[in-house]
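Worksheet: the structure to be examined is printed underneath.
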């Protein structure tokens, strides 16, 4: 019977063994009742073992998903940093173009001020009608 039930050489450690259950088992003298309790405990043990296996498998899956999500998060952070660098470059270019535009506008205004009369202006070349 010990080989079939795989009785361990030492009882597993429990935080607080249920002394009332132990006392009830030791006081029970009816073999049928003891067998019923043994079968009930065996089934409960098997159910709990299966739950533990499923929980361990689920934990493994969740840890894999967590690792995948961390990798994905790191990748997204890296891509965000790249986009921020691109944005800063675009902003710098926009500032540069705005500065050139202001400079060109100021030059144009200055040229128009320097030509105060029609005599000072240079003639424009007109296209030939031929």
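In this note's numbering, the protein residues as written are 533 to 662. Ideal placement from N, C-alpha and C gives every residue a C-beta, glycine not left out. Predicted, not measured: the structure shown is a model, and the values here were computed from it.
Legend entry - Presumed contact (8 Å Cβ cut-off) between residue 557 and residue 569, rounded CB distance: 7 Å
Legend entry - Between the CA atoms of residue 592 and residue 623 - distance to the nearest angstrom: 46 Å
Inset, instruction - Look up residue 639 in the DSSP assignment and say whether it is helix, strand or coil. - result: helix
Inset, instruction - Over the uninterrupted alpha helix (DSSP H) stretch that includes residue 561, give me the two end residues. - result: From DSSP, residue 561 is part of no alpha helix (DSSP H); its letter is neither H nor E.
Inset, instruction - With DSSP as the reference, label residue 654 as helix, strand or coil. - result: coil
Inset, instruction - Measure the C-alpha to C-alpha separation of residue 594 and residue 608 and round it to an integer number of angstroms. - result: 21 Å
Inset, instruction - Can you grab the Cα-Cα spacing for the pair residue 590 / residue 630, in whole Å? - result: 58 Å
Inset, instruction - Using the Cα positions of residue 597 and residue 603, report the straight-line distance between them to the nearest angstrom. - result: 10 Å
Inset, instruction - Just the C-alpha distance for residue 579 and residue 550, rounded to the nearest angstrom, thanks. - result: 20 Å
Inset, instruction - From the DSSP output, in three-state form, read off residue 601 for me. - result: helix
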